[in-house]
Structure formats: structure tokens, C-alpha cells
DNA sequence: CGAAAATATGAGGCATGCCTCAGGTTGTAG
DNA sequence: CTACAACCTGAGGCATGCCTCATATTTTCG
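Residue numbers (my numbering), protein chains in the order written: chain B, 1 to 220; chain H, 221 to 440.
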């Protein structure tokens, strides 16, 4: 645990430039290779030495958090917009489409959406908010009678997981293919399509454990 | 390219035992860690040296092929049974449930089902047969009017991809959770649930490319 | 301009995993 | 029981990636 003196004032001009270059490279590389991309590759792509990367982002998650901040906000914004849309069914479809759009073609954000990383404070903070909004989106559509009543907010996790693999497989071949699969999923969510489900929904705690598990596997 | 003399007669008794131990260890480790599990770990778990593993299975895919042979057969068998079930809708659900059962809890078979590995002759051979059967299962159910007509056999790939991530996430937490998600998917496949789909189905060639892509990513 | 502070560099130590091969061990045929 | 083929072993070379730190460079501020 080496405690370097943390810089106090604003960054030096070269440091600012380098930081931006690192974020830029990281955005691309993470999107293409996922959260476990080689940090050395990111530094190389930014034209900087590996030590510089570590100076700006001491841990992988510091870098990831900085890169994902924008998309994280977009997710929340989509959810906030969705709870205001009438009819509520359109709010639900808007939300899911928007979320899937954010995931599509970005393997790292796919990971972020599907998994959990205990010590990534910046990322985990927003999740509570997203979760609450998700629950309201679901309940609103159920109250209106368009969404089948045997669904819970936790079932959204299934959709995110499923979509993450679908878009990983298809995005480079046809960047809109995932929309077909999402449409099929939505048809299964309509109240009019409902047939009894054979298994109880996951409880919130179980979703969390599943996400942690995926995360541990990914960044081993 | 070292060309060892290939063994001619039957295996020596100790070699037989070791081979079985390797397959046993590989089955477990591959299931838990996926197709990219460390071969050294498999040898260790079998209580053998790494060189022994390489003697029996010169390439990773030789080992994978041997381990997956049984499940591959089970897949075909399920498909063969499915085309004989009446009504055809029950054949379809039987098939998908069986396939998902095979995938559930076995990360390696998940990979095999979702991806393609050009130089794995033993595994690729069975795929044509599975594909033809899948097409018949779909067409039969459509002819009967239970399966929505805008689906193609290629859409089964979506289901396999989606399920692979769902079961990866949930199996250890609740080994039946995937059944809930599959039921939702099936509700979306019923003719009575159909709403227009926004995107054309993938063509066979595109599915192949997507599978190759996933495979390359996985075994980098 | 001339420090001093901030920053950048990249070689190098550590770990994991692939794969090979020289030399030791064991099964088996005669 | 002998001798040889088959087999097993594990050290070691190669590659990748993590992360650190002594040293070199650049910026900034008086």
C-alpha cells in the first residue's frame, strides 16, 4: 500500500491531455474486448506508457468507472423518461429498447449491466436508483393491464442477461438483429400472451448474488 | 509439427485409467469454468502431469470433443424425439427444454452450443443434423398453426445464446430459474402472441458468422 | 530563467498458462 | 524374467498481463 501524495490542484496540461487520451482509448478497447481487456493494450493505443495509465487510474475499476459514467447516466435518464410515458406499455418498451441500445456493441457496458463489482463505488451508486425506477416502470404497466401480472422487476435482469449475449453474438454481423429478439421477448411479456410460469421469480437477493457471481468469473 | 508414432494396438492398462481420469476431470472443470479452462488445472485434478494430458489429447479441442460427445448425442436424440411429438407445439417445447437442460450448469456445453470452432471436426459433424432437425421442428409447429409464422429456424440461435447467459448467471443460485425465462420466451413464440417483428431474421450464413465470432473471442 | 513539484517512462519482478522434450518408469509380449 | 515399446513426468522456454519503482522529463510558478 504505497501512499503517493495525491495531487492537490488541477492537473498539469500534459496530464490532462494524457488522461483524455487514456479515456478515449479505454472507451474503444473496452467496448471491443470487454471489461477484462488488457490495460497494456489501452496504454499502447493511447500512445502512453503503462505507468502513466496506472498513475491516472490506480485500479482497473477506476478506469472503468470513468469510462462508463456517461452510459450510466444515459441509463438513468432513459428510466426517468420511461416512467412518464403514456401508455405505460410504451414506457416499458422505450426503457428496454434504450437499455439494449446502450448495451449493443459495447461489451464492457454489457458486463456492467449484467454483473456487479463490489468495490466499484462509482458504478454501484447509481444502481439503486435504476432499480427503483425499473420497479416503477413494471408496476405502472401492470396497473394498466398491459404487462402480465406474474412478472417482477427482477425479471428485467433476465432480459439484460439474455440481451448481453445476443448482442455480443450478432452486433458485428447485423447491428439491429437484437431488436428482433427484443420484440419477441416483449411479445412474451404482454398480458394477453400470459401462460402460467413454472418457476417463482428470483428474489432481489438472488439477482444480486447472480450478478456478483458473473462479475467474479469475468475478472478473475 | 513433431510426428510421434501413433499408438497402434489397444491402450496400455495404465493409459486407459489415466485417459478416463482425464476425461473425468475435464468434464467437471470444463463445466465449471467453460471451454477456456486451464489445461494444467485439469491435469492436476486428475492427479497427472501436464505432459500426460498432452499425450492423450494433443490439442484442447481433442479433449473438448471427447468430453462433449455424449451431450452432443443427447442433443440430437432430443431433436429426433421432438419431431415425432404431437401436437407439434409440444415437440417444440420439449426440444427447447431439453436443449436448455443440457446447457444449464455446464459452461462448456454452453459454449459449444453457442459458438463454432472451425477445426473441431468431431463437434462440427453433428451440427448439420441438428440444424436440419431444428428446421423441421419449427416448420411442423408453424404448419399446425401454434408457432408464429414469422419465425425461422435461425431464430433458435437467439434462444440458445440468450439461455447460455441466463443459465450462466442463475444456475448456481437457483438451478431452475432458467425455466421461468424459457417459459416467457415460449409465450412470445405462440402464434397468438405475434406482433410484427421490426427486423428480418438472420440468414443461415449470418448465424454461422456470429457463432464463429463468439468462438474466436472465447478461445483467444 | 531556474528550481521544485508533478508527471511520464519502461525495464523488471511476479504470476499464470501454453506446449515440448529428455530422461525415468511401467506394462506386456515373448 | 527380460527387453522394448509405450507411457509418464515435470522442468523449462515462451508468451501475456499485472503492477511497481528508480530515473528521466515536463510543466509551472516565483
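All C-beta atoms, glycine included, are put in the ideal place defined by N, C-alpha and C. Computed from a predicted structure; not experimentally measured.
Next on the checklist: My assumption, with CB atoms under 8 Å, is that residue 245 (chain H) sits in contact with residue 262 (chain H). Please give the rounded CB distance.
Outcome noted: 5 Å
Checklist entry - Do residue 308 (chain H) and residue 364 (chain H) have their C-beta atoms within less than 7 Å of each other? => result Yes. Within cutoff.
Item to check | Contact with chain B by residue 408 (chain H), beta-carbon distance below 7 Å | outcome: yes
Checklist entry - Quick check: the segment 12-26 of chain B against the segment 195-202 of chain B, are there 3 or more CB pairs under 8 Å? => result no
Checklist entry - Within 10 angstroms of its Cβ, does residue 440 (chain H) collect 16 or more other Cβ (buried), or is it exposed? => result exposed
Item to check | The alpha helix (DSSP H) enclosing residue 260 (chain H), as first and last residue numbers | outcome: Segment 259-265, the alpha helix (DSSP H) holding residue 260 (chain H).
Checklist entry - Taking three-plus beta-carbon pairs below 8 Å as touching, is the segment 331-340 of chain H in contact with the segment 395-412 of chain H? => result no
Checklist entry - Where do the ends of the alpha helix (DSSP H) carrying residue 171 (chain B) lie? => result Where residue 171 (chain B) is concerned, there is no enclosing alpha helix (DSSP H), given that its DSSP letter is neither H nor E.
Checklist entry - Is there at least one non-hydrogen atom of the ligand SAM closer than 6 Å to the beta-carbon of residue 86 (chain B)? => result Questions concerning the ligand SAM fall outside what the structure shown contains, since it holds no ligand whatsoever.
Checklist entry - Distance, Cα to Cα, residue 39 (chain B) vs residue 13 (chain B)? => result 23 Å
Item to check | Cβ neighbour criterion (16 or more within 10 Å) applied to residue 425 (chain H) | outcome: exposed
Checklist entry - Per DSSP, residue 190 (chain B) is paired with what? => result B:147
Next on the checklist: Counting only beta-carbon separations shorter than 7 Å, does residue 164 (chain B) have a partner in chain H?
Outcome noted: yes
Checklist entry - What are the uninterrupted segments assigned as alpha helix (DSSP H) that are 4 or more residues long and contained completely in the segment 86-152 of chain B, given in chain order? => result Listed in chain order, they are 88-103, 107-114 and 121-144.
Checklist entry - Do you know whose CA, among H:322, H:242 and H:295, lies nearest residue 270 (chain H)'s CA? => result H:242
Checklist entry - In chain H, which residues lie with their C-beta within 7 Å of the C-beta of residue 137 (chain B)? => result The contacting residues do not exist; residue 137 (chain B) stays about 17 Å from chain H at best.
Next on the checklist: Can you look up residue 298 (chain H) in the DSSP assignment and give me helix, strand or coil?
Outcome noted: helix
Checklist entry - residue 222 (chain B) to residue 253 (chain H), Cα distance in whole Å? => result The question about residue 222 (chain B) has no answer here: the residues shown for chain B are numbered 1 through 220.
Item to check | Neighbouring residues, chain B, relative to residue 344 (chain H) (Cβ below 9 Å) | outcome: Near residue 344 (chain H) there are no residues of chain B at all, since even the closest Cβ is about 18 Å away, more than 9 Å.
Item to check | Endpoints, alpha helix (DSSP H) assigned at residue 252 (chain H) | outcome: 233-253
Checklist entry - Of all the CB atoms in chain H, is at least one closer than 7 Å to the CB of residue 197 (chain B)? => result Chain H places a beta carbon closer than 7 Å to that of residue 197 (chain B), counting this residue as a contact.
Item to check | Spatial distance of residue 217 (chain B) from residue 29 (chain B) (CA atoms) | outcome: 20 Å
Checklist entry - Contact check, residue 407 (chain H) vs residue 413 (chain H) under 8 Å by CB: the rounded distance? => result Contact check for residue 407 (chain H) and residue 413 (chain H): beta-carbon distance about 6 Å, within the 8 Å limit, so the pair qualifies.
Next on the checklist: Which residue wins for smallest C-alpha separation from residue 326 (chain H), given the options H:314, H:350 and H:291?
Outcome noted: H:291
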